[in-house]
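**Student:** According to my numbering, the sequence shown holds residues 170 to 464 in order. The beta carbon of each residue, even a glycine, is placed where N, CA and C say it ideally should be. Predicted model only: the values in this text are computed from it and were never measured.
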Amino acid sequence: MLEPSVPTTLVQQSADDPTANKPAENFVTCIHKVKLVDIVWNITVTWAKTVIGHSLYITVENPQDENYYTCKIDLKTWQFWGKKGLKTFRVAEKRIDVFWDLRSAKFSDSPEPDSDYYVAMVSKEELVLMLGDQQKEALRRTKSRLPSEGASLVQKKEIVFAKKCFCTKTTLGQDKEHSIMIESSLSGPYDPEMWINVDGMESIRVPNLHWRFRGNETILVDNSPVQILWDVHDWLYNGNHSGVGIFVFRRDADQGELHSSNLEAEDFGKSFSDVLEEQPSSVGFCHFLYAWKTE
Numbered sequence: 170m171l172e173p174s175v176p177t178t179l180v181q182q183s184a185d186d187p188t189a190n191k192p193a194e195n196f197v198t199c200i201h202k203v204k205l206v207d208i209v210w211n212i213t214v215t216w217a218k219t220v221i222g223h224s225l226y227i228t229v230e231n232p233q234d235e236n237y238y239t240c241k242i243d244l245k246t247w248q249f250w251g252k253k254g255l256k257t258f259r260v261a262e263k264r265i266d267v268f269w270d271l272r273s274a275k276f277s278d279s280p281e282p283d284s285d286y287y288v289a290m291v292s293k294e295e296l297v298l299m300l301g302d303q304q305k306e307a308l309r310r311t312k313s314r315l316p317s318e319g320a321s322l323v324q325k326k327e328i329v330f331a332k333k334c335f336c337t338k339t340t341l342g343q344d345k346e347h348s349i350m351i352e353s354s355l356s357g358p359y360d361p362e363m364w365i366n367v368d369g370m371e372s373i374r375v376p377n378l379h380w381r382f383r384g385n386e387t388i389l390v391d392n393s394p395v396q397i398l399w400d401v402h403d404w405l406y407n408g409n410h411s412g413v414g415i416f417v418f419r420r421d422a423d424q425g426e427l428h429s430s431n432l433e434a435e436d437f438g439k440s441f442s443d444v445l446e447e448q449p450s451s452v453g454f455c456h457f458l459y460a461w462k463t464e
């Protein structure tokens, strides 16, 4: 049964400030705006990965007050029975059902499944939030219909660990998913530099990284502008080329650019998040990637 409280786990603590300390878990957090009971709610979905398996947290929050509800689903590798289920709770006195089927879900390095799964939130026989690629199966099982106004993804926050190459996927351009790869060369006889590739093609090359460890550029993806901001100061000056690099992929960059020079040097990612929370409609979709270099 769902309870109106957020689990006090490292996942939530890391999600609040992924740059504070090196987190012990990989996680991906997505914030969706969904219309429930004539109110637009924030629904936060967090996938976490540990050595014993995956966990899924779904938090429903009314931005007009302090009421929120959180559902936790544990997907331990040896518990096949827990990978399909249903949980029910009430929001504003209305019933909300969360269905999931992850028995055949395919995972890679990310905590978030790649394919062959669904997580469905249903209210008043409408599929208000759909995660995964099995929409037909979800509609059939939940006996629901598609809503007239679907959910919108407004923010994605992710922590990844790697020595040299960081990979992720994000929605850019015309609402299509694209592969992102970030590589860097920090040691050797040459000046440090960094490359950001989109769908296998080099989109941004940053030479002289000692001087350009913070910056931003706008590129075209599907003929639509996407602004990319970065702060890799800790990679260069934190000792052993470790620490966290912060990247922001911002769609709808033509609505007015944000510049890394306007952000506090010691709190780049958090400052950008504050701007998004204050004016989400003007900023558009943002993907925050916290890239932790390991030795």
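Please identify the residue among Glu318, Glu262 and Asp266 whose C-alpha is closest to the C-alpha of Leu255.
**Tutor:** Along the sequence shown, read from residue 1 onward, the residue named residue 255 stands at position 86. That would be Asp266, whose Cα lies nearest to the Cα of Leu255.
**Student:** Taking DSSP as the reference, what is the three-state secondary structure of Lys218?
**Tutor:** Taking the sequence shown and counting its residues from 1, the one referred to as residue 218 is at position 49. Note: Lys218 maps to strand in three-state DSSP.
**Student:** Using the three-state DSSP reduction, which class does Gln233 fall into: helix, strand or coil?
**Tutor:** Translated into positions along the sequence shown, residue 233 becomes position 64. In this structure, Gln233 counts as coil in the three-state DSSP scheme.
**Student:** What would DSSP say about His402, mapped onto helix, strand or coil?
**Tutor:** Start at 1 with the first residue of the sequence shown, and residue 402 comes out as number 233. Helix.
**Student:** Quick one: any contact between the stretch 335–351 and the stretch 204–220, if contact means 3 or more CB pairs under 8 Å?
**Tutor:** Short answer: they don't touch.
**Student:** In whole angstroms, what separates the C-alpha of Trp399 from that of Thr257?
**Tutor:** As a first step, residue 399 is located in the sequence shown; it is residue number 230 there, counting from the start. As a first step, residue 257 is located in the sequence shown; it is residue number 88 there, counting from the start. In a straight line, the C-alpha of Trp399 is about 41 Å away from that of Thr257.
**Student:** Assuming Val288 and Trp269 are in contact, meaning their beta carbons sit under 8 Å apart, how far apart are those beta carbons, in whole angstroms?
**Tutor:** In the sequence shown, the residue the question calls residue 288 occupies position 119. In the sequence shown, the residue the question calls residue 269 occupies position 100. Going by Cβ atoms, the distance from Val288 to Trp269 rounds to 5 Å, so yes, they are a contact pair.
**Student:** By DSSP, does Ala261 sit in helix, in strand, or in coil?
**Tutor:** Position 92 of the sequence shown, counting from 1, holds the residue named residue 261. In this structure, Ala261 counts as coil in the three-state DSSP scheme.
**Student:** Do Glu281 and His417 count as a contact pair if the criterion is CB distance below 8 Å?
**Tutor:** Counted from its first residue, the sequence shown places residue 417 at position 248. Counted from its first residue, the sequence shown places residue 281 at position 112. Per the sequence presented here, residue 417 reads as Val, with His not at that position. Cβ distance not < 8 Å, so Val417 and Glu281 don't count as in contact.
**Student:** Using C-beta distances below 6 Å, list every residue in its chain close to Phe437, excluding the 5 sequence neighbours before and after it, in chain order.
**Tutor:** Indexing the sequence shown from 1 puts residue 437 at position 268. Low per-residue confidence applies at Phe437: pLDDT is 48, beneath 50, and the placement is therefore not dependable enough to give any value.
**Student:** Do Arg420 and Gly453 come within 8 Å of each other at the CB atom, strictly closer than that value?
**Tutor:** On the sequence shown, residue 453 is found 284 positions in, with the first residue counted as 1. On the sequence shown, residue 420 is found 251 positions in, with the first residue counted as 1. Yes; because the gap between Cβ atoms is below 8 Å, this pair is in contact.
**Student:** Quick one: is Gln448 buried, meaning 16 or more other Cβ sit within 10 Å of its Cβ, or exposed?
**Tutor:** Here residue 448 refers to the residue found at position 279 of the sequence shown. Here the model assigns Gln448 a pLDDT of 47, short of 50, so the residue's position is not dependable, and the following value carries that caveat. By the 10 Å Cβ count, Gln448 comes out exposed.
**Student:** Taking 6 Å as the limit between beta carbons, can you name the residues of its chain near Ile365, skipping five residues before and five after?
**Tutor:** Numbered from 1 along the sequence shown, position 196 holds the residue referred to as residue 365. Excluding sequence neighbours, Ile365 sits near Ile351, Ser372 and Ile373.
**Student:** So, under 8 Å CB-CB, Leu244 and Val329 are touching, yes? Tell me the CB distance rounded to an integer number of Å.
**Tutor:** Counting from one through the sequence shown, the residue named residue 244 turns up at place 75. Counting from one through the sequence shown, the residue named residue 329 turns up at place 160. With a Cβ gap of about 20 Å, Leu244 and Val329 do not count as contacting.
**Student:** Counting along the chain, where does the beta strand (DSSP E) carrying Arg374 start and finish?
**Tutor:** On the sequence shown, position 205 is the one that residue 374 refers to. Unbroken beta strand (DSSP E) run through Arg374: Met370 to Val375.
**Student:** Counting only the same chain and skipping the five closest in sequence on each side, list residues whose C-beta sits under 6 Å from that of Thr311.
**Tutor:** Along the sequence shown, one-based indexing puts residue 311 at 142. If we look at Thr311 and ignore the five residues flanking it on each side, its Cβ neighbours are Phe268, Ala289 and Val291.
**Student:** Measure the alpha-carbon distance for Val375 versus Leu308 and round it to whole angstroms.
**Tutor:** Taking the sequence shown and counting its residues from 1, one reaches residue 375 at position 206. Taking the sequence shown and counting its residues from 1, one reaches residue 308 at position 139. Distance between the alpha carbons of Val375 and Leu308 is about 46 Å.
**Student:** Quick one: complete beta strand (DSSP E) runs, 3+ long, within the stretch 274–345?
**Tutor:** Complete beta strand (DSSP E) runs here, min 3: 287–292, 295–301, 321–331 and 334–341.
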